[in-house]
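What follows is a set of notes on a single structure, which appears directly below.
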């Protein structure tokens, strides 16, 4: 009973075969998925997916790449959606210093406001962090993110950064990159993360695992992530799946 904790099934890459993609995930043993709504366009389509499929849940927030587009009233919109029974987290939110689309100060302001909202509503947060490890940790500490915790999505940082996030109550999630031959650091971090804080994901349609790297990712491929994670941890596939699914259900408050 695999749990893909981070996917974008509403992405245009799935417009031709979305239902078939979801069916393939179920056939691969994926029992639950969290779809991520991260801006004005994807929040409504994420909510529609969550309302259509019993096994798809939603996280809603404002992505750092789109921070510059966040307007007055959008935070209240996110807050209003958090009362929906299928919304389980605020995210993905965070910092992205790779794509130069939103000024850093705007990203910081938008991130801080959403952490504040999460604390107010007692909702976990899903953190996107690209090339911003030091600032992410600093802001999470300053905004008391430990009061709600959450998930460090598609973790790419060092073990030192992972430890700081674990100390603040975060789970660490890994996706396709752990299957890459040259992904030394993610594999090393995965080997050290406490089992009760470990999650798996696809981030589909992005970050496709080996042997499909370079093609469109999909939720069914979380099985490949789980197989590699089990190998790295020296445990059976079934045990790894049982642990990560239990972690996800508890982290997101899903019965």
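In the working numbering, the protein residues as written are 726 to 980. Where a beta carbon is used, it is the ideal one built from N, C-alpha and C, also for glycine.
Look at the alpha carbon of residue i and the alpha carbon of residue j, and state the distance between them as a whole number of angstroms.
{"i": "residue 877", "j": "residue 934", "result": "19 Å"}
{"i": "residue 672", "j": "residue 936", "result": "Past the boundaries of the shown model lies residue 672; the chain is included only from 726 to 980, so the question cannot be answered."}
{"i": "residue 897", "j": "residue 967", "result": "16 Å"}
{"i": "residue 899", "j": "residue 791", "result": "23 Å"}
{"i": "residue 726", "j": "residue 970", "result": "7 Å"}
{"i": "residue 891", "j": "residue 746", "result": "33 Å"}
{"i": "residue 846", "j": "residue 883", "result": "30 Å"}
{"i": "residue 776", "j": "residue 911", "result": "34 Å"}
{"i": "residue 859", "j": "residue 801", "result": "29 Å"}
{"i": "residue 943", "j": "residue 807", "result": "26 Å"}
{"i": "residue 812", "j": "residue 854", "result": "22 Å"}
{"i": "residue 887", "j": "residue 953", "result": "19 Å"}
{"i": "residue 902", "j": "residue 832", "result": "25 Å"}
{"i": "residue 939", "j": "residue 907", "result": "15 Å"}
{"i": "residue 956", "j": "residue 862", "result": "29 Å"}
{"i": "residue 959", "j": "residue 830", "result": "43 Å"}
Following the continuous alpha helix (DSSP H) through residue i, name the residue where it begins and the one where it ends.
{"i": "residue 777", "result": "767 to 777"}
{"i": "residue 865", "result": "858 to 867"}
{"i": "residue 970", "result": "962 to 976"}
{"i": "residue 846", "result": "829 to 846"}
{"i": "residue 752", "result": "743 to 752"}
{"i": "residue 958", "result": "947 to 958"}
Could you please give the first and the last residue of the uninterrupted beta strand (DSSP E) stretch that includes residue i?
{"i": "residue 760", "result": "755 to 762"}
Do residue i and residue j have their C-beta atoms closer together than 8 Å?
{"i": "residue 850", "j": "residue 843", "result": "yes"}
{"i": "residue 787", "j": "residue 818", "result": "yes"}
{"i": "residue 794", "j": "residue 927", "result": "no"}
{"i": "residue 774", "j": "residue 742", "result": "no"}
{"i": "residue 864", "j": "residue 889", "result": "no"}
{"i": "residue 739", "j": "residue 973", "result": "no"}
{"i": "residue 848", "j": "residue 874", "result": "no"}
{"i": "residue 840", "j": "residue 868", "result": "yes"}
{"i": "residue 977", "j": "residue 814", "result": "yes"}
{"i": "residue 762", "j": "residue 783", "result": "yes"}
{"i": "residue 730", "j": "residue 925", "result": "yes"}
Establish whether the CB of residue i and some CB of chain D are separated by less than 8 Å.
{"i": "residue 747", "result": "Any reference to chain D falls outside this structure, which holds one protein chain only."}
Could you tell me which residues DSSP pairs with residue i in its beta bridges?
{"i": "residue 925", "result": "899"}
With a threshold of 8 Å, are at least 3 pairs of Cβ atoms found where one atom belongs to the region 821 to 834 and the other to the region 762 to 779? No, they do not touch.
Assess, as a yes-or-no matter, whether the region 944 to 951 is touched by the region 746 to 757 under the definition of 3 or more beta carbon pairs within less than 8 Å. yes
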